[in-house]
Structure formats: C-alpha cells, structure tokens
Amino acid sequence: MINHMSVQRAATTSGVPVTTLKDRVHGNIPLDNVQSGRTQLFSKDQETMLAPHLNSMAEVVYGYSRT
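Each residue of the sequence shown is one higher than the one before, counting from 1 in UniProt numbering.
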C-alpha cells in the first residue's frame, strides 16, 4: 500500500498499468528510470525529417500501413 492506497487503486487513479506500478513498487524497475514502454523506432532527426511529409499526406487523407 502506498500512502494508504492499494497498488490497484493507485494505478487506476493515475492511469498507469497495474503491472508497471507493481514492478516499480517491488523494485523490478528503478524509480529513477522515467522511460517506459516501447523503444523509439525513429531518431529525433528522422522524426523531424519525416513529420512534415506525414502531415502533408494526412491533409490529403493518404494513410500509411506497415504492409
């Protein structure tokens, strides 16, 4: 319990997945690690170059898929 709140309730209240919060509470993920989730696919430079193109394609309703 954190501040008299269960991990389940704290996760629900804060919108964090229960397993993520449990891992942090039990020390499986260091508290100073603020990066979670998937690894980044594109570098910041690649995103900067790709963003204008994707925005222009979105304006003409042209979507991209993984296939």
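We put the beta carbon where it would ideally sit given N, CA and C, even for glycine.
Can you give me the Cβ contacts of residue i inside the same chain, cut-off strictly under 7 Å, excluding the 5 residues immediately before and after it?
| i | result |
| --- | --- |
| Val7 | Val18, Leu21, Lys22, Val25 |
| Asn33 | none |
Could you please give the first and the last residue of the uninterrupted alpha helix (DSSP H) stretch that includes residue i?
| i | result |
| --- | --- |
| Ser56 | 44 to 59 |
| Met6 | One point to set straight first is that residue 6 is Ser, not Met, in the sequence displayed. That residue, Ser6, is in no alpha helix (DSSP H); it is neither H nor E in DSSP. |
| Asp23 | 18 to 25 |
Please list, in chain order, all residues of the same chain as residue i whose beta carbon is under 6 Å from its beta carbon, the five residues on each side excluded.
| i | result |
| --- | --- |
| Leu50 | none |
Would you tell me roughly how many angstroms separate the C-alpha atoms of residue i and residue j, rounded to the nearest one?
| i | j | result |
| --- | --- | --- |
| Ala10 | Thr39 | 25 Å |
| Gly27 | Ser56 | 45 Å |
| Tyr30 | Ser14 | Here the sequence assigns Pro to residue 30, which means Tyr is not the residue at that position. One C-alpha to the other measures close to 19 Å. |
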